[in-house]
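For the protein sequence lines, the chains are A and B, in the order given. So the first sequence is numbered by our numbering: it starts at 31 and just counts up by one. So the second sequence is numbered by our numbering: it starts at 6 and just counts up by one. Worksheet: the structure to be examined is printed underneath.
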Amino acid sequence: MFVHYAQLGLLSLRRNPLLTALMIMSIAFGVAASMVTYAVFRAVSGDPIPQKSAHLFAPQVDNWGPQYNRKGEPASAMTYTDAMALMHAHKAKRQTVLFQVLMSVMPTQGSGLPFKSAGYATYGDFFSMFDVPFQYGQGWNAQDDDNRAAVAVISRDLNQKLFGGANSVGREIELEEQTYRIVGVTEHWDPKPRFFDMFNGNAYTDASEVYIPFTHAIDLKMDTGGNNSCSGVGNRGVGWDGWIRGECVWISPWVELDSKADADEYLQFLHAYAQEQQRAGRFSWAPNVRLRDVNAWLEFQHAVPPESRLSLTVALGFFVICLVNTIGLLLAKFMRRAPEIGIRRALGASRADIYRQFLAEAGMVGLAGGVLGLFLTGLGMAGAGMVFEPQIARLAHLDMSLVALTLLVAIGATVLAAFYPTWRAAQVQPAWQLKSN
Amino acid sequence: MDILPILSTLRRHKITALLVILEIALTCAIVCNAVFLVSQRLERIHMVSGVAEHELLEVELANIGPKADDSARTAEDLAALRQIPGVTSVASVNQLPFANSSNNSGIKIDRKQNKSSLNATTYYGENIADTFGLQLVAGRFLKADDYVDIDTAKKAFVAGDAKGLPKNTVITLAMAERLWPGQQALGKQIYMGNDLPLTVVGVIKNLVRPSIWDDATAQYSMLVPIQVSDGVYAIRTAPQERDRVLKAALEKLKQANPHRVVLQKRTWDEIREKFFQNDRAMTGLLVGVCVALLVVTALGIVGLGSFWVAQRRRQIGVRRALGATRGNILHYFQTENFLLATIGIVLGMALAYGVNLFLMVHYELPRLPVMYLPLGAVVLWLIGQVAVLGPAMRAAAVPPVVATRSV
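Following this line, the structure appears as structure tokens:
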């Protein structure tokens, strides 16, 4: 029977073509606007590392004090002094610290020009902590960190550019006129937002291409390719040594902790560390430390751009208006058929039958709106780059789940909107209609 | 026109009338706020920069490998750039307005102050005022003998040697007003960062910061007489010469030292465009949604109006037969729509304030100016009238003879 009603509904779309077209367009526009903005929102508000986000933590230690910190919150990165203290304490299961490096890469063969590649100076634990997938080889080990070895991990893209995609493990790469031995080539790996480097505003930038040991970068007196913040503490100091011994923050620390108990214990450790610094006279304030897991960290760093949230709100408001419009138009469409309803009722159809018929018809309207909406969503995705930053717009894509969601929302919303008009249709008195015809 | 009969008719079509009212109210609320958001963004996009906008070029280079003897190389680069025909001025600077990455410092007006009075962007680089095209309102610009090399200055600062330190500064009018409201800033002392004393020798009208956290402090910038060799070059030339000069500049710089990577080569117009990309995008989106909303609302009124007219054909016929003119029928539907729109607009204004309060809490927006409400009202009244015109004309065309049929 449902199929029959659905067919009737489809046929009825052709009646009052103006009203029907208005309804379908209204639903399609509403659903498309909501879906495009939702796709972008979903892309930026997602969990970049769902399998581990509860076990990875960003420690913070306030080294600026109440006078210079940001509304009581410790800085979003660490000084070299504090970062090294955390690494040496080795209190977590795994730990790493990292900073962004920007290095010129010498092409291996031919006459290509040198180019800049962005990446990170970090510890070997980085790769296991963040589940970095490898195409060839693997990350370097703790021994390489301790030996301050000149080794490097490169990305699949860089490997393609330099070695044509061949297994380059064991080969050499020249970065900033220094030779490194390649130990691993990562698969394409680019979590969005890039939670581990929010400090540099790199949440949505291009994938990083190269990784080198932090210890080696320090030996080379490498400068950060990312942000460096000295707050009110003053300038960078004199030379590289003055800088790393000072109170400027530029290093992002991460630790992996398995349980709540471990996290509590680690927070205790941070507290004790800050207390020790206070006793030593470096901090003239009470310990002010934080330990946030990935999701709390992203929330704290405002990973979701306000534009994305605002446009989603606006689009949903638009959708609501489209639905109100649909209620009115459906009411008009259904009530025009009062005589037909009267005849059906007189011939023995129950109210429930009328309900079923008209809800099925509304479903068909919704389906048509959804299909047109899908088309508009596709168009909108292509045009999203004009509204959102290209880096963010790129993340939004029309996948199966979004297609299903678009159709489902269109049909569901239309059927919901049809409840009142259908109820009115079912209230039609057969006697009244028959009398006047 | 008699309103009472309209009202009593509407009472018999409560839900349909309510739907029209609801749609107009929601549209009013969203459109008022959206237009307000658009005006906010537009204001931001047109922020004054203080520089010669269409005459500036930026080239940024990075050395490959360790740096050596930067200041001598920078002097060579600058000399080479000056030789390019059409170049009026060049400077090696630490940053450009709206270029996003910035160098800032806390500023005190009293050495003993605990907290900084404000945070300002510190622009370094000899010849920067001339190249940027800054406008002086009082005092003088920094002169060649004010300038010290950055490495000399750092060493002097650590050694506590006053001789190698910069002594003078030029600040923006906005900064002067904030530090010494209503007073003459010339000759006053400020303390930068770790207590570096500087005397204000000039005040410039505007100079915007490279990155802006708060629009109210966007103009807090100062020029500090420090020579830098960061590989960031600002080049000034006539607007129509920009493309040619940029090409020539890259060529010259490559000749001077081929062992470098070009990080940035663009006109300052491009910098500005990129800086406000998000604002422009949001403006486009909001304008699009507004237009779509108004169209949807208008179409909804057309649809419901047609339905209503069709439903009341017989009554219209009776009225016509009883002596009502076409004009009477037309006016009836127009007045009805006006009444519904008015109720919708009143509701919509309350709703608009509600939405605005929500935005104020979540997006740090200012309060909606009252003038948006009458504006929104007029727009919705107009749209309502235009939309109802078609159905109303169809109603007016109903012949009186309808009354005699099928009763």
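Where is the CB? At the ideal position from N, CA and C, for every residue including glycine. None of these values were measured; they are calculated from a predicted model.
message: Let me make sure I understand the geometry here. Which of B:W273, B:I231, B:L352 has the alpha-carbon closest to that of B:T157?
response: B:I231
message: Looking at chain B, is there any beta carbon in it that lies within less than 8 angstroms of the beta carbon of A:P144?
response: yes
query: Who are the near neighbours of A:D174 in its chain, counting only those whose CB is closer than 7 angstroms to its CB and skipping five residues on each side?
result: G154, V181, P243
message: Within 8 angstroms, do at least three Cβ pairs link the segment 424-437 of chain A to the segment 328-341 of chain A?
response: no
task: Compare the C-beta of B:I231 against all C-beta atoms of chain A and say whether one is closer than 8 angstroms.
output: no
message: Taking the beta strand (DSSP E) that A:F145 belongs to, which residues open and close that run?
response: 145-152
- prompt: Looking only at DSSP bridge pairs, what is A:P283 linked to?
  reply: A:V127
query: How about A:R375: is its C-beta nearer than 8 angstroms to some C-beta of chain B?
result: no
query: Which bits of chain B does A:S134 rub up against, with CB to CB less than 8 angstroms?
result: A67, I69, G70, V266
field: Pick from B:S97, B:L228, B:K210 that is closest to B:V142, judged by C-alpha positions
entry: B:K210
task: Kindly list the residues whose CB is nearer than 6 angstroms to the CB of A:L43, restricted to its own chain and excluding five residues on each side of it in sequence; keep chain order.
output: T50
task: On a CA-only basis, which of A:E217, A:A461, A:S238, A:M31 is nearest A:F226? Give me that one, please.
output: A:S238
query: At a Cβ threshold of 8 angstroms, is A:C278 touching chain B?
result: no
- request: Per DSSP, which residues does B:R317 bridge with? Please list them.
  value: According to DSSP, B:R317 bridges with nothing at all.
query: CA-CA distance, A:R375 and B:L352?
result: 39 angstroms
query: Identify the residues that DSSP records as bridge partners of A:D323: which are they?
result: A:F87
task: Identify which residue in B:V205, B:L101, B:V292, B:L345 has its Cα closest to the Cα of B:I8.
output: B:L345
message: Give me the chain B residues within the contact set of A:Q459, using Cβ-Cβ distance strictly less than 7 angstroms, ordered along the chain.
response: Neighbours of A:Q459 on chain B: none; closest Cβ ~16 angstroms, over 7 angstroms.
message: If we define contact as Cβ-Cβ less than 8 angstroms, is A:F348 a contact residue for chain B?
response: yes
- prompt: What is the DSSP secondary structure of B:P379, counted as helix, strand or coil?
  reply: helix
field: Nonlocal neighbours in the same chain, by C-beta distance under 7 angstroms from A:N467, ignoring five residues either side
entry: The pLDDT assigned to A:N467 is 48, lower than 50, so where the model puts this residue is not dependable; a value taken from the coordinates is nonetheless given after this. Cβ neighbours of A:N467 beyond the five flanking positions: P369.
message: As a quick exercise: from A:N325, A:I422, A:R366, A:A443, pick the residue whose alpha carbon is nearest that of A:A398.
response: A:A443
task: Determine which residues of the segment 342-366 of chain A have a Cβ less than 9 angstroms from any Cβ of chain B, and write them out in chain order.
output: T343, V344, A345, G347, F348, V350, I351, C352, V354, N355, T356, I357, G358, L359, L361, A362, K363, M365, R366
query: Does the beta-carbon of A:Q90 have 16 or more other beta-carbons within 10 angstroms, so that it is buried, or is it exposed?
result: buried
query: Listed in chain order, which residues of the segment 80-101 of chain A have Cβ atoms closer than 7 angstroms to some Cβ of chain B?
result: Q97
- request: Buried or exposed for A:R275, please, with buried defined as at least 16 other CB atoms from any protein chain shown within 10 angstroms of its CB.
  value: exposed
Where A:Q208 falls: helix, strand or coil (DSSP): strand
message: Restricting to runs no shorter than 3 residues, where is the beta strand (DSSP E) found entirely within the segment 115-152 of chain B?
response: 123-128, 141-144
- prompt: Would you say A:L359 and A:V445 are within 8 angstroms of each other, going by their C-beta atoms?
  reply: no
A:A426 (DSSP reduced to helix, strand or coil): coil
query: Do A:S259 and A:A115 come within 8 angstroms of each other at the CB atom, strictly closer than that value?
result: no
query: Excluding sequence positions up to five away, which residues of its chain have a Cβ less than 7 angstroms from the Cβ of A:L48?
result: none
- request: Within its chain, find whatever has a CB closer than 6 angstroms to the CB of A:N232; leave out the 5 residues flanking it on each side and keep chain order.
  value: R224
task: Can you have a look at A:W284 and say buried or exposed, based on whether 16 or more other CB atoms are within 10 angstroms of its CB?
output: buried
task: Check B:K113 in the structure and name its three-state DSSP category.
output: strand
Simplified DSSP state of A:E277, which is helix, strand or coil: coil
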